[in-house]
Amino acid sequence: MNERADANTRPSRERELASLYATARSLTALGDVDDVLNSIVRHAHDLIGTDFTYLSLLGDDGVLRITASEGTISAAFRSAHIPPDTGLGGKVIQSRAAHWVDDYLAAGGLRHDPGFDALVGNEGLVALLGVPLLVRNRVIGALFAAHRSARAFRTDEIALLSAFADHAAVALDNARLYEASRSALAELRTAYRTIEEQVRVMERAQGVHEALTGLVLAGGEPQVVARELADQMGGSIVVLDRGGDLLARGGAGGPCDEESGGAALTDVIGLARNTGRAITTTGADGLWHSAATIRAGDSLLGTVVWSQRQEPSAIDVRSLELATHVVGLLILKDDAAADAAERLSGELLTELIVAGPGAGVTQRRRARSRGIDLDTLNVVITVEAEGVPAGDLVRHLHALARQEAGLAGEHLGRATLIGFAADAEQFTRSVHQRLRAELGRPVLVLSERVTGHDWGRAFARATGCAQMVRHIGATDLAATTDRFALYALAFDVDRAHELDRFLADVIGPLLDYDARRSTDLIGTLDAYFSNDGNLRRTADVLRVHLNTLLKRLDRVTSVLGHDWRAADDLPLRLAIRLERLRHAVRL
Numbered sequence: 001m002n003e004r005a006d007a008n009t010r011p012s013r014e015r016e017l018a019s020l021y022a023t024a025r026s027l028t029a030l031g032d033v034d035d036v037l038n039s040i041v042r043h044a045h046d047l048i049g050t051d052f053t054y055l056s057l058l059g060d061d062g063v064l065r066i067t068a069s070e071g072t073i074s075a076a077f078r079s080a081h082i083p084p085d086t087g088l089g090g091k092v093i094q095s096r097a098a099h100w101v102d103d104y105l106a107a108g109g110l111r112h113d114p115g116f117d118a119l120v121g122n123e124g125l126v127a128l129l130g131v132p133l134l135v136r137n138r139v140i141g142a143l144f145a146a147h148r149s150a151r152a153f154r155t156d157e158i159a160l161l162s163a164f165a166d167h168a169a170v171a172l173d174n175a176r177l178y179e180a181s182r183s184a185l186a187e188l189r190t191a192y193r194t195i196e197e198q199v200r201v202m203e204r205a206q207g208v209h210e211a212l213t214g215l216v217l218a219g220g221e222p223q224v225v226a227r228e229l230a231d232q233m234g235g236s237i238v239v240l241d242r243g244g245d246l247l248a249r250g251g252a253g254g255p256c257d258e259e260s261g262g263a264a265l266t267d268v269i270g271l272a273r274n275t276g277r278a279i280t281t282t283g284a285d286g287l288w289h290s291a292a293t294i295r296a297g298d299s300l301l302g303t304v305v306w307s308q309r310q311e312p313s314a315i316d317v318r319s320l321e322l323a324t325h326v327v328g329l330l331i332l333k334d335d336a337a338a339d340a341a342e343r344l345s346g347e348l349l350t351e352l353i354v355a356g357p358g359a360g361v362t363q364r365r366r367a368r369s370r371g372i373d374l375d376t377l378n379v380v381i382t383v384e385a386e387g388v389p390a391g392d393l394v395r396h397l398h399a400l401a402r403q404e405a406g407l408a409g410e411h412l413g414r415a416t417l418i419g420f421a422a423d424a425e426q427f428t429r430s431v432h433q434r435l436r437a438e439l440g441r442p443v444l445v446l447s448e449r450v451t452g453h454d455w456g457r458a459f460a461r462a463t464g465c466a467q468m469v470r471h472i473g474a475t476d477l478a479a480t481t482d483r484f485a486l487y488a489l490a491f492d493v494d495r496a497h498e499l500d501r502f503l504a505d506v507i508g509p510l511l512d513y514d515a516r517r518s519t520d521l522i523g524t525l526d527a528y529f530s531n532d533g534n535l536r537r538t539a540d541v542l543r544v545h546l547n548t549l550l551k552r553l554d555r556v557t558s559v560l561g562h563d564w565r566a567a568d569d570l571p572l573r574l575a576i577r578l579e580r581l582r583h584a585v586r587l
């Protein structure tokens, strides 16, 4: 069912991404502001699929005026003016963030204007989503998608419209700048050379954007995009992910090659992330560094840093900003593909564990499509780290699974990896060292060899061993279950009957007595042996009077039917320990 769902949603995602790419390319073409406005709402309407879409620009008086629309709406609504700080538009402008309501007229958190509410009622507008149009950290208007019936807007719809609004705002600002340049050219002929240079740079920006868009549509990786961007703009390009790690680089040299350049890179990235706009600064290395963040709505996806010998123009910096949108779309696409791949990996892992020994035709076909040979998967690893959710551990294991042609996922709340290892113990240590370095905290890694394609049994043994090891106090360890063969009776499900027989022979009467009388003679003996037979320490641990302890120990003798303190107590000690371990593993 999941495969069919993925198959059904993948074309929709591809259509959305293709629409975004096509829109990004068309909006970069220089044209009249009215043409750009109409193109914005037309593409937004097609992208989101609401009943109607409209765009309002913010005037100097703070009033929002509808300047373009798509879908069937009345002339009265198209000419509407929204007073400052009023309605959903006022909230979007004030917060500089996306907002939506499932029923506009019933929304109590908005400041309503009677005139506009009347138009809303006549138009039949019910659900409304608004996202801001931001240019260099300044709000110039808002883009709205509306429905004539109540509905909630999904997170992906908001993110898509926000990403689209980022494109639209830059394109609209470019169009305004271009019109201003044409007016200046007509009025000031003496500025011809300056304007000609601006046009040339803007055409280069368009060429950069078209080249990047083409690469993305052709399935280009971040490294290819970074190299093309460096070729188009000159200098060097560094693309960092959301965590600040190097994702790709292009061009010769770059700020990461020298110590001073690295410091300048850190400074310019910090300023860009704090201000939310492109920042340019100079470093001790003599380079100009421009940084622009990669965003999708309010989500930070990474940073693009451009370094060159000459101070960049404002249009060059704008080209860099425009490039971040394209790189952002690529990251979103890659993230979506990675999420789908990781989900399929986890589902296949669970199927192999649950299905029993062997693998079916379907599992083998799905594994082959991922480049995995199920016959080679001979080790199961479970991982846990105090304070780290299993889902977070699984994300780290997915990176290992991709490298080792294995599978990773969460099964029964356990972060699990199935892979191939010529030396299981060495592979377990390698996984532990990597996770220890990435997480910066103790990690417990237990592995079990797979025999007869019985991944379920291997998982059960590894999980049971991990619980047992944690019970005896280990929190930072890499080991195979063979290392704890002495305790195998406690965690090996195939030997449970052996353990039951041993416990019945040695402490069976005590177990029955505790069960019937709701006592804890087993716990009393465990404390007694743990304190090396010291009565005073044992009484303190159990928080009972010494006489009470002596009576309990006498009762143990009575139940067992022999003086266990005068005989060899090794079998009794071992039985008590195994019973406590079995109880811990079953938890």
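For the sequence shown, counting from 1, position 61 maps to 61 in the UniProt record's numbering; every step adds exactly one. A virtual CB, placed ideally from N, CA and C, is assigned to each residue, including glycine.
Which whole-angstrom value describes the C-beta separation of residue i and residue j, a residue pair presumed to lie in contact below a C-beta threshold of 8 Å?
{"i": "ALA341", "j": "GLU384", "result": "So it is not a contact: roughly 24 Å between Cβ atoms."}
{"i": "ILE381", "j": "VAL327", "result": "Between VAL327 and ILE381 the Cβ distance is about 35 Å, and since that is not below 8 Å, they are no contact."}
{"i": "LEU417", "j": "GLY406", "result": "6 Å"}
{"i": "VAL317", "j": "ALA278", "result": "5 Å"}
{"i": "VAL361", "j": "GLY456", "result": "Rounded, the Cβ-Cβ distance is 19 Å, inconsistent with contact."}
{"i": "ALA296", "j": "LEU332", "result": "6 Å"}
{"i": "LEU349", "j": "ARG364", "result": "Rounded, the Cβ-Cβ distance is 14 Å, inconsistent with contact."}
{"i": "ARG578", "j": "MET468", "result": "According to the sequence provided, residue 578 is Leu. The question's Arg does not apply to it. With 8 Å as the limit, LEU578 and MET468 do not qualify as a contact, their Cβ atoms being about 10 Å apart."}
{"i": "ILE576", "j": "LEU525", "result": "5 Å"}
{"i": "LEU128", "j": "VAL101", "result": "6 Å"}
{"i": "LEU161", "j": "LEU37", "result": "Contact flag wrong, Cβ pair sits at about 16 Å."}
{"i": "ALA163", "j": "LEU229", "result": "Going by Cβ atoms, the distance from ALA163 to LEU229 rounds to 19 Å, so no, they are not a contact pair."}
{"i": "GLU404", "j": "GLY419", "result": "5 Å"}
{"i": "LEU521", "j": "VAL544", "result": "With 8 Å as the limit, LEU521 and VAL544 do not qualify as a contact, their Cβ atoms being about 13 Å apart."}
{"i": "HIS411", "j": "PHE459", "result": "7 Å"}
What is the residue span of the beta strand (DSSP E) that residue i lies within?
{"i": "ILE381", "result": "379-384"}
{"i": "PHE52", "result": "52-58"}
{"i": "PHE144", "result": "138-147"}
{"i": "TRP100", "result": "99-101"}
{"i": "ASP241", "result": "236-241"}
{"i": "GLY130", "result": "127-135"}
{"i": "THR303", "result": "299-308"}
{"i": "HIS289", "result": "288-296"}
{"i": "ILE418", "result": "414-419"}
Which same chain residues, not among the five before or five after residue i, have their C-beta less than 6 Å away from its C-beta?
{"i": "THR86", "result": "ARG111, ASP113"}
{"i": "ALA165", "result": "VAL131, LEU133, LEU143"}
{"i": "ILE158", "result": "ALA98"}
{"i": "ILE539", "result": "Here residue 539 is Ala; the residue named in the question, Ile, does not match the sequence. Taken in chain order, the residues that qualify are LEU546, LEU549."}
{"i": "LEU477", "result": "LEU444"}
{"i": "ILE93", "result": "VAL139"}
{"i": "LEU574", "result": "none"}
{"i": "ASP482", "result": "none"}
Could you tell me the boundaries of the alpha helix (DSSP H) in which residue i lies?
{"i": "THR538", "result": "535-542"}
{"i": "HIS398", "result": "390-404"}
{"i": "ALA76", "result": "75-78"}
{"i": "PRO222", "result": "222-233"}
{"i": "PRO114", "result": "114-123"}
{"i": "SER530", "result": "521-530"}
{"i": "ARG65", "result": "Unbroken run through ARG65 is the beta strand (DSSP E), 64-70; no alpha helix (DSSP H)."}
{"i": "THR475", "result": "Here THR475 belongs to no alpha helix (DSSP H), and DSSP marks it neither H nor E."}
{"i": "SER518", "result": "It is not in any alpha helix (DSSP H) - SER518 carries neither H nor E in the DSSP assignment."}
{"i": "GLY90", "result": "87-95"}
Please go through the same chain and pick out, in chain order, the residues whose beta-carbon is closer than 7 Å to the beta-carbon of residue i, but skip the five residues on each side of it.
{"i": "ALA466", "result": "THR382, GLU384, LEU444, LEU446"}
{"i": "GLN308", "result": "GLY234, GLY235, LEU287, TRP288"}
{"i": "ALA168", "result": "LEU27, ILE40, LEU133, LEU143"}
{"i": "ARG65", "result": "SER56, LEU57, GLY59, HIS81"}
{"i": "SER452", "result": "The residue you asked about is not Ser; residue 452 is Gly in the sequence shown. Excluding sequence neighbours, GLY452 sits near PRO357."}
{"i": "GLU351", "result": "GLN363"}
{"i": "GLU258", "result": "Only weak support is given to the placement of GLU258: the predicted model assigns it a pLDDT of 41, under 50, and the question is left unresolved by the model."}
{"i": "PHE77", "result": "LEU119, GLU123"}
{"i": "PHE529", "result": "ARG573, ILE576"}
Please work out which residues of its chain come closer than 8 Å, Cβ to Cβ, to residue i, disregarding the five sequence neighbours upstream and downstream, and give them in chain order.
{"i": "PRO442", "result": "ALA385, GLU386, ARG436, THR475, ASP476"}
{"i": "CYS256", "result": "Reliability of the predicted coordinates at CYS256 is poor, the pLDDT of 46 falling under 50, and the value obtained from them is presented with this limitation in mind. Closer than 8 Å at Cβ, skipping near neighbours: VAL238, LEU246, ARG249, GLY262, LEU265."}
{"i": "PRO389", "result": "none"}
Problem set entry | Any 3 or more C-beta pairs closer than 8 Å across the region 98-111 and the region 65-78 | As far as the Cβ criterion goes, the region 98-111 does not touch the region 65-78, which means the pair count is below three.
Exercise. Counting Cβ pairs, one atom from each stretch, are 3 or more of them under 8 Å apart for the region 166-184 and the region 271-291?
Worked result: Under the three-pair Cβ rule at 8 Å, the region 166-184 does not count as touching the region 271-291.
Exercise. Should the region 136-154 be regarded as contacting the region 50-57, the criterion being three or more beta carbon pairs within less than 8 Å?
Worked result: In short, these stretches touch, since the Cβ pair count reaches three.
Exercise. Looking at C-beta atoms only, is the number of pairs between the region 309-316 and the region 417-429 that lie closer than 8 Å three or more?
Worked result: No: the two stretches stay apart, fewer than three of their Cβ pairs being nearer than 8 Å.
For this session: Determine, using beta-carbon pairs with one atom in the region 569-585 and one in the region 512-519, whether at least three such pairs fall under 8 Å.
Result: They do not touch, by the three-pair rule.
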